[in-house]
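**Student:**
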Amino acid sequence: QMEYKVTVATGTSEYSGTNNYIYVTLVGERGESERTVLDNPGLDFCRGAVDDYTVKSAADLGPLILVRLEKQKYWMEDNWFCRYVKVSVPGERCSYTFPCYRWLVGDKVVVELREGTAKKISDDTLPLEISHRTAELLERQKIYRWLAWAPGIPKCIDAKSEADLPQDVRFDNEKRSDFVGSLHYALLELSLKKLAIKFGKSWNDLDDFKRIFWKLRSPIAEYTMKHWKEDCFFGYQFLNGSNPRMITRCKELPSNFLVTGDMVQSSLVPTTTLKEELKKGNIFLVDHAIMDGIPANVIRDQAQHIAAPLCLLYEHPEKGLIPIAIQLEQKPDKDTPIFLPSDPPLAWLLAKMWVRHSEFQVFQLLSHLLRTHLVVEVICVATLRQLPAVHPIYKVRGSLQEVLFRRDKFACLKLDNHRCIKIASHSINYPAVFELKTKEELITLLSVVIFTSTAQHAATNNGQFDWCAWVPNTPCTMRHPPPTDKDAVTMDLIMDTLPDISQSCVITMMTSTLLCFLSFLQIPMGQYVEQYFTEPAALKVIDKFRKDLKELEEHIIAQNEGLELQYLYLCPSRMENSITI
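Numbering (the working numbering), first residue to last: 2 to 582.
Encoded structure:
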């Protein structure tokens, strides 16, 4: 008779433990062990516990293939999160590790775990391995179903809310409590502000926006509040803000941009011309053409307004990147104004606000929601449906899993489907079928996915409070149409155009605060709570990766030392393993 030592690890998050019966069966190439109830004196399967048991078999099972776990109700149903199972073979120094990292939900639920060595389909030769792989995917495809939320945007998981998601891809309890706690804190702050400011009314002047800033400040947000009117800071944000994807070098002015050399000459170095600077590559363009024709929103029965501006920028040898011309329409006529730095100061300021307002729309919907959250969700669901847990790429995904919980969190933007769809359909165009033919193509695809769900998301998400909390710098909505008469722009018009008190507090503050502040529960890049890889070679690669990240962080911090505006969003310690908001 053989006696195997079985070690079972329970999850560390709240409510991971169980008082239900847990049974285990070891399955090897030569047969199965006895179905054994795991029961030691005292309490078993407490939160964070690592318990040892003995499982007997009438004969040597040979190389182990599976571990079968079963959960049965004892007194009342009690879900259980299992991290892993390890099995030590009598007389051998080696042990088998069976990663789980799953919830066992319900009575008489059965889960079969493959041994942790990564294997492709060509590596499975035994009938049991092949049948298990097939059965696992069929079950996953029933659980993780596709939904075409709306035509023209990527598909998503079939779930209306977090409660509809499988337990394994929901927030754990600490994460949910942290998120809800942050929400309640923000709501409390807003409630207190209601005692001091009247919701639904316009602000009196620009300084009134400072009344939003009670707490939750940051050095960059403070800097933004002081310098947002400056042209050089306006240009700086196109390169270092949350959306550095819009700016392009301009060699030739678009035919619909009615700017001339004489208009911008005063903004250039006296010894040069616009034509010469275009040839030198010192002229840049930010074109929000994608916003053209999108229907405006309605908030509390009041129509809002949008624009599709073009902004011309110049890399000045002394002042840096500065705006030199703004046009707020894509289809101008002879009366369409070109706003210039030499215009009345309030007219130029309002024109820049309109550009920043368009930046907010494109940034939140395109750069942030579509190009990180929605794209990664497609990869995540496809992986869950098509790759078994033993597949090496699935194991990579295990460390980069997106929590499929995003549509409701963006509902506060008050964006209707048509607005999302029009932007999305112009911005993402993937082939219906994409076949990977070489290992190099696979490496490229995986690198893009990992980059998108880590660095790209951190770059777009983590600075939202810094750049958006000061409302005039990045208005979330505009209540009056773009100006057509420069001389008619007054401070009263600006205040009536900018978001009112409730829009400023609820939409901008709540969105930027909840989505970008670092949680104490966040898992930094390179730190893997769920260890799907068990092979020594893979663990060695992970260790080297962590050392590389540490060196990279030290380099980033050294480069930013002494800078008034530091760019630290891509420090690995501030970058989450994946999108978890």
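Note that CB positions come from ideal geometry on N, CA and C, so glycine has one too.
1) If contact is defined by three or more beta carbon pairs under 8 Å, each pair taking one atom from either stretch, is the segment 355-364 in contact with the segment 308-326?
2) Report yes or no: do three or more beta-carbon pairs, one from the segment 70-80 and one from the segment 117-136, lie closer than 8 Å?
3) Pick out whichever of Thr384, Ala290 and Gly527 has its Cα sitting closest to the Cα of Lys541.
4) Could you tell me which residues DSSP puts in a beta bridge with His583?
5) Would you say Lys156 and Trp147 are within 9 Å of each other, going by their C-beta atoms?
6) Helix, strand or coil for Pro573, going by three-state DSSP, please let me know.
7) I'd like the span of the beta strand (DSSP E) that includes Cys83, first residue to last.
8) What are the start and end residues of the alpha helix (DSSP H) that includes Thr384?
9) Spatial neighbours of Gly12 within its chain, please: C-beta separation below 6 Å, excluding the five flanking residues on both sides.
10) In three-state terms, what does DSSP make of Lys252?
11) Taking Cβ positions, are Glu33 and Pro64 nearer each other than 9 Å?
12) For Val299, list the residues DSSP reports as bridge partners.
13) Thinking just about the alpha-carbon of each residue, which of Val51, Asn21 and Leu70 is nearest to the one in Arg36?
14) For the structure I just gave you, are there three or more beta carbon pairs, one from the segment 259-277 and one from the segment 286-294, closer than 8 Å?
15) Look at the alpha carbon of Glu113 and the alpha carbon of Val530, and state the distance between them as a whole number of angstroms.
16) Are the segment 360-370 and the segment 238-252 in contact at 8 Å, needing three or more beta carbon pairs?
17) Taking the alpha-carbon positions, what's the Ala222 to Pro346 distance?
18) Rounded to whole angstroms, what is the Cα-Cα separation between Trp150 and Leu569?
19) Going straight from the alpha carbon of Tyr16 to that of Pro573, what length do you get?
20) Among Trp471, Leu388 and Arg575, which has the Cα closest to the Cα of Thr455?
21) With DSSP run on the structure shown, which of helix, strand or coil describes Ser579?
22) To the nearest angstrom, report how far apart Ala397 and Val363 are at their CA atoms.
23) Inspect the beta-carbon positions of Leu499 and Pro473 and report whether they are closer than 9 Å.
24) Residue range of the beta strand (DSSP E) that Gln73 falls in?
25) Considering Cα atoms alone, identify which of Lys551, Thr478 and Leu571 is closest to Arg301.
26) For a quick check, are the C-beta atoms of Leu329 and Pro484 less than 9 Å apart?
27) Let me make sure I understand the geometry here. Which of Cys233, Arg94, Leu254 and Tyr22 has the alpha-carbon closest to that of Tyr5?
**Tutor:** According to the structure data:
1) yes
2) Taking a cut-off of 8 Å for Cβ pairs, the segment 70-80 and the segment 117-136 do not touch, as fewer than three such pairs fall below it.
3) Gly527
4) Because the chain here runs from 2 to 582, residue 583 falls outside it and cannot be looked at.
5) Yes.
6) helix
7) Trp81 to Ser89
8) Val376 to Gln387
9) Phe82 and Arg84
10) Coil, per DSSP.
11) No. Outside cutoff.
12) By DSSP's assignment, Val299 forms a beta bridge with Ala304.
13) Leu70
14) no
15) If you draw a straight line from the Cα of Glu113 to the Cα of Val530, it comes to about 21 Å.
16) yes
17) Rounded to the nearest angstrom, the two C-alpha atoms are 23 Å apart.
18) 35 Å
19) When rounded, the distance between both Cα atoms is 30 Å.
20) Arg575
21) coil
22) Looking at the sequence provided, one finds Val at residue 397 rather than Ala. Each residue's Cα considered, the two are about 31 Å apart.
23) Leu499 is a Cβ neighbour of Pro473, given a cutoff of 9 Å.
24) Leu65 to Gln73
25) Thr478
26) Yes; because the gap between Cβ atoms is below 9 Å, this pair is in contact.
27) Arg94
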